Amino acid sequence: MLHTFFFSPSDTTRRYAKAMTEAFGGDSQLIDLTHGPCEVECDLIDGDTALLISPVYAGRIPPMAADLFRQIDGHGMKAIVAVIYGNRDYDDALLELADIAVEDGFEVVAAGAFIAQHCI
Ligand SMILES: Cc1cc2nc3c(=O)[nH]c(=O)nc-3n(C[C@H](O)[C@H](O)[C@H](O)COP(=O)(O)O)c2cc1C
Numbered sequence: 069m070l071h072t073f074f075f076s077p078s079d080t081t082r083r084y085a086k087a088m089t090e091a092f093g094g095d096s097q098l099i100d101l102t103h104g105p106c107e108v109e110c111d112l113i114d115g116d117t118a119l120l121i122s123p124v125y126a127g128r129i130p131p132m133a134a135d136l137f138r139q140i141d142g143h144g145m146k147a148i149v150a151v152i153y154g155n156r157d158y159d160d161a162l163l164e165l166a167d168i169a170v171e172d173g174f175e176v177v178a179a180g181a182f183i184a185q186h187c188i
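In terms of this note's numbering, the sequence shown is residues 69 to 188.
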């Protein structure tokens with residue numbers, strides 16, 4: 069099962085999250101952290117995979133999103149991390165999200181940065 073955790077104030081990251089999750093196929097759930105910690109069932113079990121996806125703000129993960137991603141317990145599961153940026157630069161954001169995932173206990177197996185329309 070794929071568990072996709074996303075944070076998306078202006079909806080672009082959510083659209084990427086949905087498209088990437090659908091591309092994986094199989095069982096999946098989208099977990100929206102935009103308004104705070106997830107309130108849906110999101111227990112992670114061995115053999116599952118997680119996708120953590122965030123927009124880039126000032127070259128970093130938005131602090132509120134970083135705090136929410138830090139609350140996930142990865143249980144040694146494989147994780148993919150992705151950042152969405154407005155075609156200026158993603159600077160250290162992808163590294164920061166990968167570091168958070170490792171601190172959560174995930175094994176990061178893939179990472180990518182994807183361009184979107186700048187929301188400002
Ligand atoms: C406060 C703020 C800071 C941003 N900083 C960057 C940046 O450093 N580099 C960049 O390429 N885009 C930057 N962006 C653009 C966003 O990363 C981009 O629009 C992203 O798609 C927003 O995701 P969302 O639609 O899911 O909220 C910034 C946007 C905001 C609102």
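Glycine included, C-beta positions come from ideal geometry on N, C-alpha and C. All values reported here derive from a predicted model rather than from experimental measurement.
- Counting only the Cα atoms, N155 lies some 24 Å from V176.
- For A85, the enclosing alpha helix (DSSP H) begins and ends at T80 to F92.
- Residue burial is scored here from C-beta neighbours: I99 has at least 16 other C-beta atoms within 10 angstroms and is therefore classed as buried.
- With a threshold of 16 other beta carbon atoms within 10 Å, H71 meets it and is buried.
- Nearest to T102 by alpha-carbon distance, out of R82, I183, T117 and L119, is R82.
- Contact between Y84 and I121 is confirmed by a C-beta separation of about 6 Å, below the 8 Å threshold.
- A straight line joining the alpha-carbon of F75 with that of C187 spans about 14 Å.
- Taking a C-beta distance under 8 Å as the contact criterion, T89 and S96 qualify as a contact pair.
- Taking the Cβ of Q139 as the reference point, every heavy atom of ligand 1 lies at 7 Å or farther away.
- Distance from the CA of D160 to the CA of G94, rounded to the nearest whole angstrom, comes to 32 Å.
- Residue pairing by DSSP leaves P130 without any beta bridge partner.
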